[in-house]
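Engineer: Numbering follows my numbering, with no gaps: position 266 of the sequence shown is 270.
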Amino acid sequence: MRRSVASAFTPNAVLDYEPWVDESIAELLDVHSKRPSIDPFSTMLYYSMDAAGRFSFGSSFGCMAANADVEASIQMIRNRFKHWGWWSSLPGLDRLVYTNSIAMRMKRAPSSMAATAIARLAASQVNPEVLDAARIVGMLVSTMSGAGDTTATSTTAILYFLLKNPDKFAKLRSELCSAGIDGAVPSNSQVAKLPYLHAVIREGMRLFPTVAWPIERKVPSGGALIAGTHFPEGTSMTLSDSQSVLEADFSPAVACLKPLKVDVVLKRELL
5 MRRSVASAFT PNAVLDYEPW VDESIAELLD VHSKRPSIDP FSTMLYYSMD
55 AAGRFSFGSS FGCMAANADV EASIQMIRNR FKHWGWWSSL PGLDRLVYTN
105 SIAMRMKRAP SSMAATAIAR LAASQVNPEV LDAARIVGML VSTMSGAGDT
155 TATSTTAILY FLLKNPDKFA KLRSELCSAG IDGAVPSNSQ VAKLPYLHAV
205 IREGMRLFPT VAWPIERKVP SGGALIAGTH FPEGTSMTLS DSQSVLEADF
255 SPAVACLKPL KVDVVLKREL L
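Encoded structure:
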């Protein structure tokens with residue numbers, strides 16, 4: 005399944021989503037220019053969900069316009085994350101409980117997403133034996149999960165750290181102004197050339213990782229020697245991002261916002 009849809013998530017393919025993202029940004033600016041105050045997290049959450057709806061289904065969920073979780077789409081994604089959090093360490097038991105033949109026959113009524121997804125893919129079923137109705141819906145929900153809640157969390161965290169560090173905020177604004185970005189929605193090609201913006205985004209995500217639970221991997225054949233300790237093949241291993249990014253060995257003042265600049269030869273220096 006992953007191989008059959010991977011081409012839709014390459015860097016070049018993702019650029020095809022830019023018109024929908026631009027449309028969502030324009031709506032964000034319009035809707036909230038008419039409101040006296042906003043809740044940053046809810047605002048970014050509704051924006052990212054509407055953008056995900058546009059490039060997944062061709063239309064917005066309407067969360068920004070309603071200023072609410074329309075059709076409980078956000079709650080659905082949170083329930084999915086909650087399931088992953090509980091069961092990701094026990095994939096075998098998860099399959100036994102949730103995807104056995106009896107459970108699959110007793111599954112809930114199909115989501116309203118199914119009809120839209122199947123209609124759009126019916127004319128080009130490249131892998132019909134792989135992408136059945138359930139997997140199509142699962143794939144789209146996974147896309148929205150990555151584009152929705154996690155994007156909103158990262159964006160809000162970055163805004164928070166910028167507001168807490170006005171000197172870094174001023175430097176970012178200076179870079180944007182120097183690039184001629186004066187309020188209009190910029191193109192990806194414009195922002196791709198802004199090193200300080202990229203550094204701020206990476207640093208904000210380092211200080212506030214969106215993935216709270218460990219993502220496990222199996223030691224491959226032959227075992228592995230890690231930090232002087234041998235781990236036999238088949239051992240389940242993981243690393244907590246939330247902890248590792250705050251290790252004192254990472255950089256000076258590890259808990260502070262310290263954007264890094266990457267030049268053309270990938271040398272890093274503190275700004």
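Ideal Cβ placement from N, Cα and C applies to all residues, glycine included. As the structure is a prediction and not an experimental result, all values here were calculated from the model.
(1) Which full runs of the beta strand (DSSP E) of 3+ residues lie inside the stretch 167-237, going along the chain?
(2) With 16 as the cutoff for other CB atoms within 10 Å, does Y50 come out buried or exposed?
(3) Restricting to Cα atoms, I'd like to know which of L166, G57 and M241 is closest to W24.
(4) How is S64 classed by DSSP in three states: helix, strand or coil?
(5) Excluding the 5 residues flanking S64 on each side, which residues of the same chain have their C-beta closer than 6 Å to its C-beta?
(6) Please determine if the stretch 157-176 and the stretch 211-222 are in contact, where contact requires at least 3 C-beta pairs separated by less than 8 Å.
(7) Straight-line CA distance for G208 to T157?
(8) Report back the beta-carbon spacing between S93 and E237 to the nearest angstrom; my notes put them in contact at under 8 Å.
(9) Using C-beta distances below 7 Å, list every residue in its chain close to I29, excluding the 5 sequence neighbours before and after it, in chain order.
(10) Which residues in the same chain as M68 place their Cβ atom closer than 7 Å to its Cβ, once the five residues preceding and following it in sequence are excluded?
(11) Check whether the Cβ atoms of M48 and T160 lie closer than 8 Å to each other.
(12) Ignore the nearest five residues each way along the sequence and tell me which others in R82's own chain have a CB closer than 7 Å to its CB.
(13) With a Cβ-Cβ cutoff of 8 Å, do T4 and S41 count as a contact?
(14) Looking at the structure shown, is S244 part of a helix, part of a strand, or coil, going by DSSP?
(15) With a cut-off of 8 Å on the beta carbons, I'd call V74 and G62 a contact; round off their distance for me.
(16) Determine, using beta carbons only, whether G89 and W217 come nearer to each other than 8 Å.
(17) So, at 8 Å on beta carbons, what are the nonlocal neighbours of S128 in its own chain, with the 5 sequence-adjacent residues on each side left out?
(18) Give, in chain order, every unbroken run of the alpha helix (DSSP H) that is at least 4 residues long and sits entirely within the stretch 16-77.
(19) Ends of the alpha helix (DSSP H) at V101?
Structural biologist: So, from the listed chains and residues:
(1) 228-230 and 233-235
(2) buried
(3) Closest in C-alpha terms to W24, from the list L166, G57 and M241, comes G57.
(4) coil
(5) Excluding positions up to five away in sequence, the list reads D54, G57 and R58.
(6) yes
(7) 10 Å
(8) Wrong, their Cβ atoms sit about 19 Å apart, outside the cutoff.
(9) The beta carbon of I29 lies closer than 7 Å to those of V189 in the same chain, with the five residues before and after it left out.
(10) Excluding residues within five positions, the ones whose Cβ falls inside 7 Å are E31, L32, V35, Y50, Y51 and D54.
(11) yes
(12) D153
(13) Past the edges of the chain, shown from 5 to 275, lies residue 4, and the structure says nothing about it.
(14) Three-state result, S244: coil.
(15) The Cβ separation is near 16 Å, so there is no contact.
(16) yes
(17) At S128, the pLDDT of 45 sits below 50, so the modelled position is not reliable and the matter cannot be decided from this model.
(18) For the stretch 16-77, the continuous alpha helix (DSSP H) assignments of 4+ residues that do not extend past its boundaries occur at 22-37, 44-61 and 67-70, in sequence order.
(19) In this chain, the alpha helix (DSSP H) harbouring V101 covers P95 to Y102.
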